[in-house]
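Participant:
Number of protein chains: 2
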Amino acid sequence: MDLTEESATAAVAASFAETPDPRLRELLEGLVGHLHAYVREHRVTVPEWERAIGFLTEVGQKCDDKRQEFILLSDVLGVSMLVETLNGQETGTESTVLGPFHVVESPPREEGESVDLLGRGTPCVVSLRVVSADGRPLPGASVDVWQCDEDGFYDVQQPDVQPLGNGRGLFRTGEDGRLWFRTVVPSHYPIPTDGPVGGLLKATRRHPYRPAHVHLIVAAEGHKALTTHLFVADSPYIESDAVFAVKQSLVVDFAEVADEREAARYGLAVPFREAVYEVVVEPEAADAG
Amino acid sequence: MDLTEESATAAVAASFAETPDPRLRELLEGLVGHLHAYVREHRVTVPEWERAIGFLTEVGQKCDDKRQEFILLSDVLGVSMLVETLNGQETGTESTVLGPFHVVESPPREEGESVDLLGRGTPCVVSLRVVSADGRPLPGASVDVWQCDEDGFYDVQQPDVQPLGNGRGLFRTGEDGRLWFRTVVPSHYPIPTDGPVGGLLKATRRHPYRPAHVHLIVAAEGHKALTTHLFVADSPYIESDAVFAVKQSLVVDFAEVADEREAARYGLAVPFREAVYEVVVEPEAADAG
């Protein structure tokens with residue numbers, strides 16, 4: 001009784017003493033410690049806290065099966081990227097944020113198929129090779145791909161313009177760990193600004209743009225799943241991603257190819273663009289420390 | 001670029017450098033500092049962070065015009081009470097949490113009127129006197145009252161059973177700063193457990209109960225508005241309020257009255273219960289430090 005500025009944190013932490021799951025207990029006690037310290041250090045006022053509650057409520061209410069505003073909030077505060085960084089592979093390809101657009105399942109596609117269903121952008125081939133930490137090729141690895149179109153919109157943002165599944169594909173690597181698919185070069189784009197997170201960026205004079213990128217989740221048997229992007233080199237905003245997700249090692253030249261024989265191999269006309277990348281995933285049981 | 005565990009917090013804090021409102025900038029930088037420290041200290045994993053995002057999304061989606069699950073979350077984590085405690089009056093009556101049920105406007109009522117529209121519970125009179133810090137009575141002060149019924153439910157929780165406005169009233173004090181109104185003795189009750197906050201309490205084996213109380217917001221001209229409760233002495237859970245809101249100074253004897261003349265004065269039969277309390281509010285401009 002009579003919670004005070006000094007006693008509050010210990011009292012609330014003690015309320016979690018009977019939590020059966022020790023990790024949940026640790027996470028809740030830690031959360032209470034930081035939340036209370038934040039309120040104390042900044043002498044948060046009642047109207048400020050009410051505004052914070054109102055903001056978080058709006059964030060939740062903006063979410064639906066095609067929109068994930070809480071991931072967006074986590075992204076613009078750099079928390080998503082920090083969590084990815086702490087949990088990323090210690091060797092091999094670096095990971096980056098999942099982002100808020102992995103909200104529908106990617107349609108299964110065959111090697112060489114195009115994830116672009118509109119046929120309007122700059123034709124592009126993405127050629128991947130998935131290998132284990134020791135360089136061994138990994139056949140049969142699943143590669144989940146999603147990206148925006150040449151105007152910077154994901155399918156779920158434009159239900160009247162793009163068929164669901166545009167820009168998305170779930171592939172498997174071939175016998176040599178290789179996979180290639182066709183697409184269009186994605187554009188840089190603003191994260192959705194019509195919700196409370198957009199309001200936050202506006203109030204803080206931050207721009208909402210992300211540099212152009214292709215999302216990947218690579219999962220090979222016996223290996224850690226890898227969530228990452230391929231960033232388009234020289235894209236605008238490559239130095240100031242609104243969600244802090246760019247890593248140098250993930251910036252890839254989407255080079256123009258003018259060679260007719262190369263084009264014929266992929267069933268394309270010249271010129272087209274090609275991104276080549278080797279994805280290195282860590283064995284699951286590996287003691288990579 | 002290449003945000004690391006070490007560089008992340010400074011990089012994200014720097015993104016708020018152009019925020020025009022210095023207080024917003026401070027609050028956001030502080031928030032980023034604590035969020036990042038929390039993630040680092042507890043090595044939060046990707047699935048754990050995804051679960052947290054999912055939980056917060058559910059909390060937001062449980063909110064509507066009659067339900068405020070984010071206030072409930074803030075309440076059970078003791079944050080609401082800490083904010084109230086930091087911002088409460090330095091002298092006079094102590095404040096406590098607003099709670100999640102102040103979601104509809106209280107109907108204006110005259111002194112002596114009953115806030116109970118059902119006539120089923122134990123009849124009760126609440127007699128208040130609102131005074132300034134120096135003891136001067138404050139006529140014309142507004143007193144916003146809300147409480148649950150004798151079964152522990154607020155009107156908004158039982159739209160089919162209780163008329164909206166049951167348990168609620170917006171009163172004004174008379175010339176001597178006094179106000180009395182009729183009601184029923186409120187019950188202790190569980191906070192709503194059918195949402196994600198209920199799930200959190202269950203997973204941590206915390207009980208959801210609050211001791212019986214009447215909510216008040218007292219606002220007198222030239223004085224700080226006071227948000228508080230009158231707690232019913234000897235209510236169950238008075239020692240273990242699920243939202244940490246009990247203060248000894250707010251625990252009031254809802255005493256049984258058997259005196260026929262007292263009863264006649266209030267238009268009641270004997271026995272009834274009576275709670276008497278003096279509310280002391282601080283002048284707004286006072287340098288109470």
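Sequences listed follow chains A and B, in order. Per full-length UniProt numbering, the very first residue in the first sequence carries number 1; after that it's consecutive. Per full-length UniProt numbering, the very first residue in the second sequence carries number 1; after that it's consecutive. Think of the CB as a built atom: it goes at the ideal place given N, C-alpha and C, for glycine as much as any other residue. Values in this document were obtained by computation on a predicted structure and should not be read as measured data.
Give the interface partners of N166/B over in chain C, defined as CB-CB distance under 7 Å, in chain order.
Facilitator: Among the chains of the structure shown, chain C does not appear; the protein chains present are A and B.
Participant: Excluding the 5 residues flanking T123/A on each side, which residues of the same chain have their C-beta closer than 6 Å to its C-beta?
Facilitator: A small fix is needed here, since residue 123/A is Pro in this sequence, not Thr. Excluding residues within five positions, the ones whose Cβ falls inside 6 Å are L268, F272.
Participant: Taking P211/A as the reference, give the member of K247/A, T45/A, L118/A, A141/A with the closest Cα.
Facilitator: Ranking the options by Cα distance to P211/A, first place goes to K247/A.
Participant: By Cβ distance below 8 Å, which residues in the same chain neighbour I71/B in space, the five residues on each side in sequence not counted?
Facilitator: So the list reads S80, L98, G99, P100, once near-sequence residues are dropped.
Participant: Based on Cα-Cα distance, which residue from L179/B, V44/B, A10/B lies nearest to G169/B?
Facilitator: Measuring from the Cα of G169/B, the nearest candidate turns out to be L179/B.
Participant: Consult DSSP for R172/A and reduce its assignment to one of helix, strand or coil.
Facilitator: R172/A: strand per DSSP, three-state reduction.
Participant: Looking only at its chain, what residues have a beta carbon closer than 6 Å to the beta carbon of G289/A, apart from the 5 residues adjacent to it on each side?
Facilitator: Model confidence at G289/A stands at a pLDDT of 44, short of 50, so the residue's coordinates are unreliable; what they give is reported in the following sentence. Answer for G289/A: no residue qualifies.
Participant: Since I believe A37/A is in contact with H36/B (beta carbons under 8 Å), could you give me their beta-carbon distance rounded to a whole number of angstroms?
Facilitator: Not really, about 13 Å apart at Cβ, beyond 8 Å.
Participant: Would you kindly work out how many angstroms separate the C-alpha atoms of R172/B and R206/B, rounded to a whole number?
Facilitator: About 39 Å.
Participant: Show which residues of chain A have a CB atom less than 8 Å away from the CB atom of I53/B.
Facilitator: Neighbours of I53/B on chain A, chain order: Q68, F70, I71, S74.
Participant: Would D149/A and N166/A qualify as a contact pair, given that the criterion is a beta-carbon distance under 8 Å?
Facilitator: In contact: D149/A and N166/A (Cβ atoms closer than 8 Å).
Participant: At the level of alpha carbons, what is the spacing between A258/B and A233/B?
Facilitator: A258/B and A233/B: Cα-Cα distance of roughly 19 Å.
Participant: Three-state secondary structure (DSSP) at R23/A?
Facilitator: It is helical.
Participant: Put G289/A into one of helix, strand or coil per three-state DSSP.
Facilitator: Bear in mind that a pLDDT of 44 at G289/A, under 50, signals an unreliable position, so the number given afterwards is only what the model happens to contain. Note: G289/A maps to coil in three-state DSSP.
Participant: Report the residue from D253/A, V103/A, R136/A, V130/A whose alpha carbon sits nearest the alpha carbon of Q68/A.
Facilitator: Among D253/A, V103/A, R136/A, V130/A, the Cα nearest to that of Q68/A is on V103/A.
Participant: Short check: CB of V32/B to CB of L77/A, under 8 Å?
Facilitator: It is a contact, given that the beta carbons lie within the stated cut-off.
Participant: Does the Cβ of A245/B have 16 or more other Cβ atoms within 10 Å, making it buried, or fewer, making it exposed?
Facilitator: It counts as buried.
Participant: Tell me the DSSP bridge mates of L98/A?
Facilitator: None; L98/A has no bridge partner.
Participant: From the DSSP output, in three-state form, read off T57/A for me.
Facilitator: T57/A falls in the helix class under three-state DSSP.
Participant: Using 10 angstroms around the beta-carbon of E274/A, count the other beta-carbons present and answer buried if the total reaches 16, otherwise exposed.
Facilitator: Buried, because 16 or more other Cβ atoms sit within 10 Å of the Cβ of E274/A.
Participant: Is DSSP giving S106/A helix, strand or coil here?
Facilitator: Three-state result, S106/A: coil.
Participant: Quick one: Cα of L28/B to Cα of V12/B, how far?
Facilitator: So the two alpha carbons sit approximately 10 Å from each other.
Participant: For A225/A, does the three-state DSSP call read helix, strand or coil?
Facilitator: If DSSP states are grouped into helix, strand and coil, A225/A belongs with coil.
Participant: For chain A, find out if any of its Cβ atoms is closer than 8 Å to the Cβ of Y277/B; answer yes or no.
Facilitator: Taking Cβ atoms only, chain A never reaches closer than 8 Å to Y277/B, which makes this a no.
Participant: Measuring CA to CA, which of L118/A, D253/A, P192/A is closest to Q162/A?
Facilitator: Of L118/A, D253/A, P192/A, the residue nearest in Cα terms is L118/A.
Participant: I'd like to know whether the C-beta atoms of V130/A and V39/A end up nearer to each other than 8 Å.
Facilitator: Not closer than 8 Å, so no.
Participant: Which value, in whole angstroms, describes the spacing of the CA atoms of I53/A and H188/A?
Facilitator: Going by the C-alpha atoms only, they are around 32 Å apart.
Participant: What are the residues of the segment 18 to 43 of chain A that lie near chain B, defined by any Cβ-Cβ distance shorter than 9 Å?
Facilitator: Cβ contacts with chain B: E18, T19, P20, D21, R23, L24, R25, E26, L27, L28, G30, L31, V32, G33, H34, L35, H36, A37, Y38, V39, R40, E41, H42, R43.
Participant: Could you round the C-beta distance between residue 290/A and T85/A to whole angstroms and report it? I think they count as a contact, below 8 Å.
Facilitator: With chain A running from 1 to 289 in the structure shown, residue 290/A is simply not present.
Participant: Nearest to G140/B by alpha carbon, out of G177/B, F153/B, E105/B?
Facilitator: The shortest Cα separation from G140/B among G177/B, F153/B, E105/B belongs to G177/B.
Participant: Beta carbons nearer than 7 Å to chain A: which residues of the segment 204 to 216 of chain B have them?
Facilitator: Listed by position along the chain: T204, R205, R206.
Participant: What is the DSSP secondary structure of residue 290/B, reduced to helix, strand or coil?
Facilitator: Given that chain B is displayed from residue 1 to residue 289, the structure contains no residue 290/B and the question cannot be resolved.
Participant: Can you tell me the Cα-Cα spacing of H229/B and V279/B, whole angstroms?
Facilitator: Between H229/B and V279/B, the C-alpha separation is close to 11 Å.
Participant: If you compare alpha carbons, which of Y277/B, E284/B, R43/B is closest to L128/B?
Facilitator: Of Y277/B, E284/B, R43/B, the residue nearest in Cα terms is Y277/B.
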